[in-house]
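Report on the following structure.
In my numbering, the protein residues as written are 144 to 232.
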């Protein structure tokens, strides 16, 4: 499974949430079984983050989504717009 897209912050408050909680989310995601790639990088506007994820299969991706939803990252940033495309490779 491959996911690409963007996190789109509306304001600096949302950006601060990403800066605070993203490092832990990246570490946890990269340690998950089946994670092949997990990259999130801030773009020059300071409000947009490019996301690129790859998991070995649908099962590992689903487990990642479940963990994310229940994590501090997931709870604190749930309201931030996600503009993602997912596809199988």
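C-beta: ideal position from N, C-alpha, C; glycine also. The model shown is predicted, which means the values in this text are computed figures rather than measured ones.
In the DSSP secondary-structure assignment, residue 218 is not bridged to any residue.
In the three-state reduction of the DSSP assignment, residue 156 falls in the helix class. Excluding residues up to 5 positions away in sequence, 195, 196 and 197 lie with their Cβ nearer than 8 Å to the Cβ of residue 180 in the same chain. Between residue 191 and residue 151, the C-beta spacing is below 9 Å. When DSSP states are grouped into helix, strand and coil, residue 203 belongs to the helix group.
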